[in-house]
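Data block below; observations after.
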Amino acid sequence: MSEDVLSRADLPGTDLEALHRVEETLRRNEFRLRTLFNTAHDAIFTMDYKTFTDCNDATLRIFQCKKEDIVGQTPYRFSPSHQPDGRTSEEAAMEKINAVLQGEPQFFEWVHIRLDGTPFPAEVSLNRLDLEGDVQILAIVRDISKRKQTEQENKRLALVANNTTNMVVIANAAGEIEWVNPAFERTTGYKLEEVIGRKPGHFLRGPESNPEAARIMRERLRNGEGFKEVELINYTKEGKPYWVSIEVQPIRDNQGKVTQFIAIESDITERKASQKALEERNEELVKINAELDRFVYSASHDLRAPISSLLGLIEVARMEKDPQSLERLLDLKKKSLLRLDQFIKDIVDHSRNTRLQVEVEPVNFESLINSALEQLQFMDNMERIWRVVEVKQTGTFYSAISRLNIIFNNLLSNAIKYADMDKENPMLEVRVTADDQKAEIRISDNGEGIPEESLTKIFDMFYRASTKGVGSGLGLYIVKEAVEKIQGTIQVKSEPGNGTEFILTIPSLVNQR
C-alpha cells in the first residue's frame, strides 16, 4: 500500500463510524434499487451501444425468455423485421439509440416480439446513464397489448355508436349526460353541447309521456339497476312527439360501484303508428262484423216479409172470383213488390257506398236535384206536394256525384213518403248554397215530423222512426255513410206535426281530383 493511502484501522473513530454509515446507506440504497428493479411490472434493462447487458424479472416475463436468452442480444433481436411505419427495426432502433447517446431521451411506441416470435405493442422509454465513465442506456418497456385492445374495441364501439340508427346516451352515475351519438342529435334536434350535464327526463318528457314508465326508470337508475324495452313518448327540441323503446345498462368498476349508464333508444314511432292502425282496423272489423250480423238478420226478415205476403195473396187470389176483389189483391201484390224493390235498391246503394272509391267530379246541384225529383215523380201523392228548389252556386264545387245522388234520392223520397197529406199545402223545400270551398244543403218539409226520442237513432241501421212507413230502415243509415265518405256532416231538426229539416255541410274535394 502506498504511503498516502490510509487503511480503515488508521482512520479516527469518528471518521470510521461515518464511513460505516455511508457504506450502510449505499448498501440500503442499492438494495432498494435492486428490489425496485426486480419487482417492477415493466421490463427494465440496460444496454451498451448495441446489446443488452442486464434485465429485471419483468423483462423475462414479458419477453417470455430466460436471462441468458436476452443478455448479449441486440434490441432488434426481439423486434420484427419491420415496424408499422415500414422502416426496418434495425434502422429505427439504431436511430433511437444514437439519439439517446447524444443526450436526447426517447419515448415512443414500438412493436416487440417475444422469444417465440409473437409480436406485442409496447411503450419504450430510453435514457442515457453515465456510470464512472461507463455509458449505458436504461430502457423501460411497457406491454400495452391490453390497452391497445381496449382502444381498438373502443374504436369499434365508437364506430358502431356513431353510425347506428339507434340513439346512444352515456350518462354518469347521477344520470347526467356525458355523451350522445349523432342519431340522438338527428332524432331529438339537440346537439351534444346542449345536453351535457343534463338528465334526459328533464328535457325529453312532455304531456303525453307515461308518468308510470318514467317513475319505473327513475327507481331502477336510483338503485343502480338496468332495464329494457320500456316504451314511452319523448319530445324533440321543436316539441314533436316520438315513441322510443329504451334499454339502459349500468357500468361498474372493479368494486362493483356504478360509474356510468349506457342507454340505447330505438325510435319506434312507425311501429306504434302501424300498431295503432291495426288496432283501429280490428275495432272497425269487429264493428263491421256486428253490423253484418244485424244486416243479415234484418235483411233476411225484410226480404221474406213481402215474399210471404205475395205468397199469401196468391193463395187468396186463387180462391177469389170477384173481379173487383182480384183488382184489390193485385194492388196489394204491387205494394209488396214495390217494397221488395225498394229494399233491394237500398241494399245495392249500401253496397256501392261501402265498396266504391270516391270519384271526384264537378257538381251541378240544380241538375242533381231535378234528376232526383224526376225519378221520384211516380211516388204516391207526389203531384200534391208543393216543391221549392233554390240553388245558389258560385265557382266550381267538386265532390262524388254518386254519393250526392244517394243522399238526395233518400232524403227527398223520405220527405215525400212522410208528407202530411191532411195539411192544406204539403211542402218540400230544397235550398243549396255552394261555392268552390263548401256547400250547405237544407232539405225541409212540413210533414209528420220525427219524435224527439227517435232523433238520436234515425241514422242507425234498420231503425224505423215511424210505423206509417214500410221502408227498410236503411235509407238514413246509407245517407249518413255517404255524407261521411265525402267528408261532410249532417244534422236534423224535427218537431212532430210540424215537419223535418236536414242540414248538410260538405267540403269541396278539389284537392282530391
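Each number in my numbering corresponds to the 1-based position in the sequence shown with 1430 added.
All C-beta atoms in this analysis are idealised placements derived from N, C-alpha and C, irrespective of residue type, glycine included.
Which same chain residues, not among the five before or five after N1794, have their C-beta less than 8 Å away from its C-beta? Position 364 of the sequence shown holds residue 1794. The residues are Q1823.
Is there contact between the region 1629–1643 and the region 1660–1678, where contact requires at least three CB pairs shorter than 8 Å? Result yes; three or more Cβ-Cβ pairs closer than 8 Å.
CB-CB length for K1526 against F1538, believed under 8 Å: Working through the sequence shown from its first residue, we reach residue 1526 at position 96. Working through the sequence shown from its first residue, we reach residue 1538 at position 108. That pair is a contact at about 7 Å.
I need the DSSP call for N1664, collapsed to helix, strand or coil. For the purposes of this step, residue 1664 is identified with residue 234 of the sequence shown, where counting begins at 1. When secondary structure is reduced to three states using DSSP, N1664 falls in the strand class.
How would you label A1720, buried or exposed, when you count the other beta carbons within 10 angstroms and need 16 or more for buried? Counting from one through the sequence shown, the residue named residue 1720 turns up at place 290. Taking all protein chains in view, the Cβ of A1720 is surrounded by fewer than 16 other Cβ atoms within 10 Å, so the residue is classified as exposed.
Helix or strand or just coil, what does DSSP make of G1547? Numbered from 1 along the sequence shown, position 117 holds the residue referred to as residue 1547. Here G1547 carries a coil assignment [DSSP, helix/strand/coil].
M1647: buried (16+ other C-beta within 10 angstroms of its C-beta) or exposed? Residue 1647 sits at position 217 when you count from the first residue of the sequence shown. Here M1647 is buried: its Cβ has 16 or more other Cβ atoms, across all protein chains shown, within 10 Å.
Within 10 Å of its beta-carbon, does K1910 have 16 or more other beta-carbons around it, so buried, or fewer, so exposed? To locate residue 1910, count along the sequence shown from 1; it is residue 480. Its Cβ being crowded by 16 or more others within 10 Å, K1910 is buried.
Do the region 1700–1708 and the region 1676–1690 make contact, defined as three or more Cβ pairs closer than 8 Å? No: fewer than three Cβ pairs fall under 8 Å.
Return helix, strand or coil for Q1754, following the three-state DSSP convention. In the sequence shown, residue 1754 corresponds to position 324, counting from 1. Residue state, collapsed to three classes: helix.
In its own chain, which residues sit with a C-beta less than 6 Å from the C-beta of K1923, not counting the 5 before and 5 after it? Your numbering for residue 1923 matches position 493 in the sequence shown. Result list for K1923: E1931, in chain order.
For the putative contact between I1543 and P1549, defined by C-beta atoms under 8 Å, what is the C-beta separation to the nearest angstrom? Here residue 1543 corresponds to residue number 113 of the sequence shown, with the count starting at 1. Here residue 1549 corresponds to residue number 119 of the sequence shown, with the count starting at 1. Contact annotation, I1543 with P1549: C-beta distance approximately 5 Å; criterion of less than 8 Å satisfied.
Taking the beta carbon of Y1479 as the centre, do at least 16 other beta carbons fall within 10 Å, making it buried, or is it exposed? Residue mapping note: residue 1479 aligns to position 49 of the sequence shown, counting from 1. Per the 10 Å Cβ criterion, exposed.
With respect to the beta strand (DSSP E) encompassing N1855, which residues constitute its N-terminal and C-terminal limits? For the purposes of this step, residue 1855 is taken as residue 425 along the sequence shown, with counting starting at 1. Taken as a continuous stretch (DSSP letters only), N1855 belongs to no beta strand (DSSP E), as it is neither H nor E.
Assigned exposure category for S1755 - 16 Cβ within 10 Å defines buried: On the sequence shown, position 325 is the one that residue 1755 refers to. So S1755 ends up on the exposed side.
Out of G1656, K1670, V1716 and N1712, point me to the one whose CA is closest to A1693's CA. To locate residue 1693, count along the sequence shown from 1; it is residue 263. Nearest of G1656, K1670, V1716 and N1712 to A1693, Cα basis: G1656.
Under the three-state reduction of DSSP, which class applies to E1534: helix, strand or coil? Position 104 of the sequence shown holds residue 1534. The DSSP-derived three-state label of E1534 is coil.
Let me make sure I understand the geometry here. Which of K1887, I1880 and L1939 has the alpha-carbon closest to that of P1926? On the sequence shown, residue 1926 is found 496 positions in, with the first residue counted as 1. Residue I1880 holds the alpha-carbon nearest to the alpha-carbon of P1926 among K1887, I1880 and L1939.
Measure the alpha-carbon distance for T1595 versus T1481 and round it to whole angstroms. As a position in the sequence shown, residue 1595 is number 165, starting the count at 1. As a position in the sequence shown, residue 1481 is number 51, starting the count at 1. Distance between the alpha carbons of T1595 and T1481: 55 Å.
Return the first residue and the last residue of the alpha helix (DSSP H) that Q1976 is part of. The requested residue 1976 is not part of the displayed model; the chain covers only 1431 to 1943.
Three or more beta-carbon pairs under 8 Å between the region 1912–1921 and the region 1852–1862, yes or no? With fewer than three CB-CB distances shorter than 8 Å, the region 1912–1921 does not count as touching the region 1852–1862.
Outcome for P1792 when other beta-carbon atoms lying within 10 angstroms are tallied against a minimum of 16: Locating residue 1792 in the sequence shown gives position 362, where the first residue counts as 1. Counting Cβ neighbours within 10 Å, P1792 comes out exposed, since fewer than 16 surround it.
Looking at the strands, I want to know which residues DSSP matches up with Y1479. As a working note, residue 1479 is residue 49 in the sequence shown. Answer is none; Y1479 lacks a bridge partner.
What is the DSSP secondary structure of A1604, reduced to helix, strand or coil? Taking the first residue of the sequence shown as position 1, residue 1604 is located at position 174. Three-state result, A1604: coil.
Closer than 8 Å to chain C by CB, G1547: Within the model displayed, chain C is absent; a lone protein chain is all it includes.
Please report the straight-line C-alpha distance between L1561 and P1612, rounded to a whole angstrom. On the sequence shown, position 131 is the one that residue 1561 refers to. On the sequence shown, position 182 is the one that residue 1612 refers to. Between the alpha carbons of L1561 and P1612 lies a distance of about 57 Å.
Give a yes or no on whether the C-beta atoms belonging to A1849 and G1877 are separated by under 8 Å. Mapped onto the sequence shown, residue 1849 falls at position 419. Mapped onto the sequence shown, residue 1877 falls at position 447. Yes.
Only counting the same chain, and skipping five residues up and downstream in sequence, which positions put a Cβ closer than 6 Å to that of W1540? Walking along the sequence shown from the start, residue 1540 turns up at place 110. The answer, listed in chain order, is A1552 and V1554.
Label S1511 either buried or exposed according to how many other C-beta atoms from any shown protein chain fall within 10 Å of its C-beta, with 16 as the threshold for buried. Mapped onto the sequence shown, residue 1511 falls at position 81. Around the beta carbon of S1511, fewer than 16 other beta carbons lie within 10 angstroms, which makes this residue exposed.
Within 10 angstroms of its Cβ, does D1875 collect 16 or more other Cβ (buried), or is it exposed? Within the sequence shown, the letter at position 445 stands for residue 1875. Burial state of D1875 is buried, judged by a 10 Å Cβ sphere holding 16 or more other Cβ atoms.
Simplified DSSP state of Y1848, which is helix, strand or coil: In the sequence shown, the residue the question calls residue 1848 occupies position 418. Y1848 falls in the coil class under three-state DSSP.
Looking only at its own chain, which residues have a Cβ that is under 6 Å from the Cβ of A1523, when we skip the five neighbours before and after it? For the purposes of this step, residue 1523 is identified with residue 93 of the sequence shown, where counting begins at 1. So the qualifying residues of the chain are P1505 and Y1506.
In three-state terms, what does DSSP make of G1742? The residue labelled residue 1742 in the question sits at position 312 within the sequence shown. In the structure shown, G1742 adopts helical secondary structure according to DSSP, grouped into three states.
Please list the segments of the alpha helix (DSSP H) lying wholly inside the region 1780–1828, counting only runs of 4 or more residues, in order along the chain. Runs found: 1795–1805.
By the three-class DSSP mapping on this structure, what secondary structure does M1749 have? Along the sequence shown, one-based indexing puts residue 1749 at 319. M1749 carries a helical assignment under DSSP once its states are collapsed to helix, strand and coil.
Which same chain residues end up closer than 6 Å to C1495 when comparing Cβ atoms and leaving out the 5 residues on each side of it in sequence? Position 65 of the sequence shown, counting from 1, holds the residue named residue 1495. Close CB contacts of C1495 within its chain, under the 6 Å cut and outside five residues either way in sequence, are with L1545 (chain order).
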